[in-house]
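In the working numbering, the protein residues as written are 1170 to 1450.
So the structure is just underneath, and the comments pick up after that.
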């Protein structure tokens, strides 16, 4: 990420202040101009941790199906193994030519596919959110873009990032740049989703501002209402600072599998909507 930012930043409209290092763990903050709004995009992934005796433990909530290819690396070299799921107990394991060292992280093997209308791959949640945030950086004049960690596994970085941003830059409104789900009410190809709620409910006055800006822009979008799930917005709402937040992201199908799929029209809608929102909020 830092290599990409260092290479590309000279071509961006505004040169950001880059904040990274041990103080921020594995997170990155990019500060453009005079910021009013922060965009949060998480860079962590779901996956598996190797336990004992060829057992695996979930990282976050990956889909599990016998035969999924998993990749990783330990001190003995590269790993390309197969996930196993016990039919009776649901216990997770792996098939490989040798034992993998305990504590090794395994992730879905990437098989990127593209059609005229869709892209499909593992980890579009949240590689696509990160891509959107980086594209936004090309023309962003005033704002903060945050690349956070641990979203898929209970949180842990957004609270200290939010505190730092609030105290240093007096910014207290956010957009959560993440990928949501195709459901019975949110459909592929009909535009980016603005989430009115998930397991938490963002402040209505802030969400209404976003809805009005989106409506005025004419950019295709959908309204999402869910009773479960969460995002970086959860840590913002649970933090000590008075942050407003709203999840704005494209919907995907085949969630948390190696075959996540997003419609290109929704990717286009997401980027254009972020560009407008960061100007208007």
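C-beta: ideal position from N, C-alpha, C; glycine also.
Rank 1413, 1218 and 1355 by C-alpha distance to the C-alpha of residue 1273 and give the top, closest one.
Locating residue 1273 in the chain shown gives position 104, counting from the first residue. Out of 1413, 1218 and 1355, 1218 has the C-alpha closest to the C-alpha of residue 1273.
Collapsed DSSP secondary structure at residue 1334 in the structure displayed
For the purposes of this step, residue 1334 is taken as residue 165 along the chain shown, with counting starting at 1. Helix, per DSSP.
Closest to residue 1118 by C-alpha separation, out of 1383, 1346, 1389 and 1336, would be which residue?
Residue 1118 lies beyond the stretch modelled for the chain, which goes from 1170 to 1450, so this question has no answer here.
Ends of the beta strand (DSSP E) at residue 1414?
Translated into the one-based positions of the chain shown, residue 1414 becomes position 245. 1413-1418 is the extent of the beta strand (DSSP E) around residue 1414.
Considering only the alpha carbon of each residue, which of 1344, 1233 and 1442 lies closest to residue 1255?
For the purposes of this step, residue 1255 is taken as residue 86 along the chain shown, with counting starting at 1. Distances from the alpha-carbon of residue 1255 to those of 1344, 1233 and 1442 put 1233 closest.
Buried or exposed (CB count within 10 angstroms, at least 16 for buried), residue 1381
Here residue 1381 corresponds to residue number 212 of the chain shown, with the count starting at 1. So residue 1381 counts as exposed.
With 16 other Cβ atoms within 10 Å as the buried cut-off, status of residue 1203
On the chain shown, residue 1203 is found 34 positions in, with the first residue counted as 1. It counts as exposed.
For residue 1195, does the three-state DSSP call read helix, strand or coil?
The residue given as residue 1195 occupies position 26 in the chain shown. Residue 1195: coil per DSSP, three-state reduction.
Counting Cβ pairs, one atom from each stretch, are 3 or more of them under 8 Å apart for the stretch 1345-1356 and the stretch 1287-1306?
yes
DSSP state of residue 1316 mapped onto helix, strand, coil:
As a working note, residue 1316 is residue 147 in the chain shown. Note: residue 1316 maps to strand in three-state DSSP.
Please classify residue 1266: is it buried, with 16 or more other beta-carbons within 10 angstroms of its beta-carbon, or exposed?
To locate residue 1266, count along the chain shown from 1; it is residue 97. By the Cβ neighbour-count rule, residue 1266 is exposed, with fewer than 16 other Cβ atoms within 10 Å of its own.
Pick helix, strand or coil for residue 1361, following the three-state DSSP scheme.
Numbered from 1 along the chain shown, position 192 holds the residue referred to as residue 1361. Three-state result, residue 1361: strand.
Hey, how far is the Cα of residue 1414 from the Cα of residue 1188?
Counting from one through the chain shown, the residue named residue 1414 turns up at place 245. Counting from one through the chain shown, the residue named residue 1188 turns up at place 19. Going by the C-alpha atoms only, they are around 22 Å apart.
Flag this pair as touching only if the stretch 1314-1331 and the stretch 1366-1383 have three or more C-beta atom pairs under 8 Å; answer yes or no.
The stretch 1314-1331 vs the stretch 1366-1383: no contact.
Spatially closest choice to residue 1215 from 1369, 1386 and 1291, by CA coordinates
As a first step, residue 1215 must be located in the chain shown, where it is residue number 46. Looking at the Cα atoms, 1291 is the closest of the given residues.
Let me know the secondary structure DSSP gives residue 1292 once reduced to three states.
One-based indexing of the chain shown puts residue 1292 at position 123. Reduced to three states, the DSSP call for residue 1292 is coil.
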